[in-house]
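There are 2 protein chains.
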Amino acid sequence: MSKPSPISGFPEWAPPQRMIEQYVIGRIQRTFELYGFAPLETRSVEPLDQLLRKGETSKEVYLVRRLQEDPGGPTGDDALGLHFDLTVPFARYVLENAGKLQFPFRRYQIQKVWRGERPQEGRYREFLQADIDIVDRDTLPAHYEAELPLVIGDALSGLPIPPIVIQVNNRKVSEGFYRGVGLTDPDAALRAVDKLDKIGPDKVAALLVETAGATEAQAKACLALAEISAPDGSFADAVRALGVEHPLLDEGLAELVTVVETAAAHSPGLCVADLRIARGLDYYTGTVYETQLRGYERFGSICSGGRYDNLATAGSATFPGVGISIGVTRLLGLLFGSGELNVSRSVPTCVLVALADEEHRPASDRIAAKLRRRGIATEVSPSAAKYGRQIRFAERRGIPYVWFPGADGAVDEVKDIRSGEQVPATPDEWTPPVEDLRPLVS
Amino acid sequence: MSKPSPISGFPEWAPPQRMIEQYVIGRIQRTFELYGFAPLETRSVEPLDQLLRKGETSKEVYLVRRLQEDPGGPTGDDALGLHFDLTVPFARYVLENAGKLQFPFRRYQIQKVWRGERPQEGRYREFLQADIDIVDRDTLPAHYEAELPLVIGDALSGLPIPPIVIQVNNRKVSEGFYRGVGLTDPDAALRAVDKLDKIGPDKVAALLVETAGATEAQAKACLALAEISAPDGSFADAVRALGVEHPLLDEGLAELVTVVETAAAHSPGLCVADLRIARGLDYYTGTVYETQLRGYERFGSICSGGRYDNLATAGSATFPGVGISIGVTRLLGLLFGSGELNVSRSVPTCVLVALADEEHRPASDRIAAKLRRRGIATEVSPSAAKYGRQIRFAERRGIPYVWFPGADGAVDEVKDIRSGEQVPATPDEWTPPVEDLRPLVS
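First to last, the protein sequences are chains A and B.
Using full-length UniProt numbering, the first residue of the first sequence is number 1, and each one after it goes up by one.
Using full-length UniProt numbering, the first residue of the second sequence is number 1, and each one after it goes up by one.
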């Protein structure tokens, strides 16, 4: 075998980075559980026809098949693909298991997803997402749309990362406004406005005229709407000042005011109403969310989602939902790239038990076993090299303590190899300072 | 969308089962870390040619390609497949990153793998494995082969599952013995003996004659070897009593005695030498492990591995390793099937905050926020239904406590809905009994 090389778009963190990732996932998971979300994992594959229901993402799907497929036989698969998000599999799971679930159903799901996108900074082909969703049967109360950003704010605020801002909009505001100004193809208008960040207002105006049948005045109104942004309910006054009327607009404004005002009361500065947020076309029907990491705005949203009323629907059964997804790999990729996150050592090990000679390995093993039973991560030295080399083994990994078994019944000693301090110790009693017990993320 | 149905071989646990799985994974992970194994995750895909290096597994590989592959373009992939185990990707990772790693390198890896096997009880197409491996540069000390089963014993012994027995053999014993009796194709002999459990001794004897060129007497000797089993070093005497001599046999016996005696000293009853264990052909060159769950022997090994000297080799660089892998999904599938594992509730939630009317939602939200800040998982009632209905909402999910906000400045009360006991409480002070704080696995 020749030396292998990485595959573009499929990141692999080194163990210290993986420790940071586990810390971040643990914090997110713990927060989700504090809000009562139950854990779920769905299979990695879905029937291809389900993945292709939404045209926008179809070009990114990975197809999966057995190398020696056996189409005529009893194990012949229908075509399968890897899931490209966790929302489509969740909606399928809800439909499949509706009879066994309690509604409203709150679940979190932290899993890899795959997209055949062109790899670039912040964009991967295999990446980890952490999702929460709430679905209900038939109808879903609007207060859940206000709750989800607060959960995300809590989950991310405890981490050593830059602050976030969640930008919120509501599809009903955009669609109601577009209809209110007299546009008949609000989807085309949404698609055009969605390009605002990329191509700027002049080209969006031209696109509105060209693809959405807008007049110059209508295009100008759409752009004026997209420019509105506020950290509180005052955005609604700015919208009304544009003089457009539509029942759907009123409904959307009321919902969006609730989301923004609830957030302002609970976590000032966390959410802003930003009426340019569109979230592609996807499956959203109400509130939509995007999230900027301050200082990393150019890499796009690290946490997105929204309300979907029609994703989980079979016959007369319908399960409207709202969800939001943290792009864990994107978030970590950006922060690893800028050296924002560090861990105090490259292994979990707190103590290395030294070895006088190979005959004494069982004695060192017993010391290690005692320390482990007391929750102290411990390794025994790989070989009975000179003590200087054994200490360097620990040093290179950041292991803070080396344990020297006492010869011939003498008491053991433990050395803090950072300070050089060495003290007598017994494995049934010695305890490291709590900050040394596990690798620290900062 | 019509009601979807499951895909055979791709299990999905319900949230209560997923909570049990998380508990099991957490316990395994914590034990691996106590032994100083660092975490690693590799990408899910490997170049297909790497996955096909071992003929035995090639028929099980899943091929992955972008639906709209673009072979001429800059993003054209080489053929990729999903990994079928975690050892082959780990060996590749070590070769790719050898310059950045510290050796000996201890890592654990808990990830999904995929195999296109025919699904049946205990066999899946997508399943979770939990691996530990130790690799070193150039040479790997034999004491690691004795350490790994002890880690597994520790990891699984703390779980509410039946006891395990790790069966250990050594490829050198088998190969040395076969050569010692005069067989020239030890691989063919190993393949034949590997079928002992499936086809019985008579057919294995016939196969040895037919495929490994054995005489009746040689076949009989091979079967006599395979029948030897002991919980301590006495197995070596039984082997020597068969009167076969070979240097490789001596080497293997010495290694296997160390593994079994170390285990007997540390964890009596955990390991037995069982000379019929072959582990297919794969990549093993020394010690091999299989593990039986008592009472579930018919479903095969739930934890397997061995030593591999030649898996991670590129040019003159060689990284011998030893590893062992817990089949988490198989283990859980068996135990879920027999109802051996239970969890005390179906959601993480400990407290449901009741809602007098929708106007008081912010007040109930504030109570929930205070409880969460103190580590108590809390939901607010989805609607201001009658209190009886809100209590039933909690009951159906196994949520033990319902919190009633005091009206008009009166003190709040909290009800244990199992006993009916209701007491005054404030969200800054009330604490549930520790056994109610999180769902309990038993």
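Glycine included, C-beta positions come from ideal geometry on N, C-alpha and C.
- The C-beta of Val411 of chain B has fewer than 16 other C-beta atoms within 10 Å across all chains shown, which makes the residue exposed.
- Judged by DSSP secondary structure, Gly81 of chain B falls within the beta strand (DSSP E) whose first and last residues are Leu80 to Leu82.
- The C-alpha of Asp416 of chain A lies about 34 Å from the C-alpha of Ser325 of chain B.
- For Glu359 of chain B, the three-state secondary structure derived from DSSP is helix.
- Using a CB distance below 9 Å, the part of the segment 3-18 of chain B facing chain A consists of Lys3, Pro4, Ser5, Pro6, Ile7, Ser8, Gly9, Phe10, Pro11, Glu12, Trp13, Ala14, Pro15, Pro16 and Arg18, ordered along the chain.
- Between Leu352 of chain B and Ala385 of chain B a beta carbon distance of about 12 Å is seen, past the 8 Å cut, so the two are scored as non-contacting.
- For the C-beta of Thr349 of chain A, the chain B residues within less than 7 Å are, from N- to C-terminus, Gly36.
- Looking at the DSSP output, Asn169 of chain B sits in a beta bridge with B:Val288.
- Assigned with DSSP and collapsed to three states, Pro424 of chain A falls in strand.
- Counting along the chain, no beta strand (DSSP E) covers Gly388 of chain A; the unbroken alpha helix (DSSP H) around it starts and ends at Tyr387 to Arg397.
- Residue burial is scored here from C-beta neighbours: Gly327 of chain B has at least 16 other C-beta atoms within 10 angstroms and is therefore classed as buried.
- The beta carbon of Gly233 of chain A sits no closer than 8 Å to any beta carbon of chain B.
- Annotated as proximal: Gly182 of chain A and Gln218 of chain A, with beta-carbon spacing under 8 Å.
- Residue contact with chain B for Gly182 of chain A: absent (no Cβ-Cβ distance below 8 Å to any residue of chain B).
- Residue A:Arg27 holds the alpha-carbon nearest to the alpha-carbon of Pro160 of chain A among A:Ala146, A:Asp250 and A:Arg27.
- Setting aside the 5 residues that flank it on each side, Phe127 of chain A is surrounded in the same chain by Thr329, each with a C-beta closer than 6 Å to its C-beta; the list follows chain order.
- In this structure, Gly305 of chain B keeps its C-beta atom at 8 Å or more from the C-beta atom of Glu245 of chain B.
- DSSP places Leu196 of chain B in the helix class (H, G or I) of the three-state scheme.
- Excluding five sequence positions before and after Arg418 of chain A, the CB atoms of its chain that fall closer than 7 Å to its own CB belong to Pro400, given in chain order.
- Beta-bridge analysis with DSSP links Trp403 of chain B to B:Val353 and B:Val414.
- Bounds of the alpha helix (DSSP H) holding Ser234 of chain A are Ser234 to Arg240.
- Here Ala189 of chain B is near Cys222 of chain B, since their CB atoms are less than 8 Å apart.
- Counting along the chain, Gly306 of chain B sits inside the beta strand (DSSP E) bounded by residues Cys303 to Tyr308.
- The contact set of Glu395 of chain A on chain B, defined by CB atoms closer than 8 Å, is empty, because the minimum CB distance reaches about 10 Å.
- Taking each of A:Pro47, A:Glu261 and A:Pro16 in turn and checking the Cα distance to Pro6 of chain B, the smallest one comes out for A:Pro47.
- Residues of chain B whose Cβ lies closer than 8 Å to the Cβ of Thr378 of chain A are, in chain order, Leu34, Tyr35 and Gly36.
- Residues of the segment 409-422 of chain B that bring their beta carbon within less than 9 Å of a beta carbon in chain A are absent altogether.
- Annotation for Glu255 of chain A: the continuous alpha helix (DSSP H) segment containing it runs Pro247 to His266.
- Under the 10 Å beta carbon count, Lys172 of chain A is surrounded by 16 or more other beta carbons and is classified as buried.
- Assignment of Leu128 of chain A by DSSP, reduced to helix, strand and coil, places it in the strand class.
- Put simply, the backbone Cα of Glu251 of chain A is about 24 Å away from that of Ser381 of chain B.
- If you draw a straight line from the Cα of Ser346 of chain A to the Cα of Pro16 of chain A, it is about 5 Å long.
- Excluding sequence positions up to five before and after Pro104 of chain A, its CB lies within less than 6 Å of the CB of Ile134 and Asp136, all in the same chain and listed in chain order.
- With a threshold of 16 other beta carbon atoms within 10 Å, Pro348 of chain A meets it and is buried.
- With a threshold of 16 other beta carbon atoms within 10 Å, Glu210 of chain B falls short and is exposed.
- For Glu379 of chain B, the enclosing beta strand (DSSP E) covers residues Thr378 to Val380.
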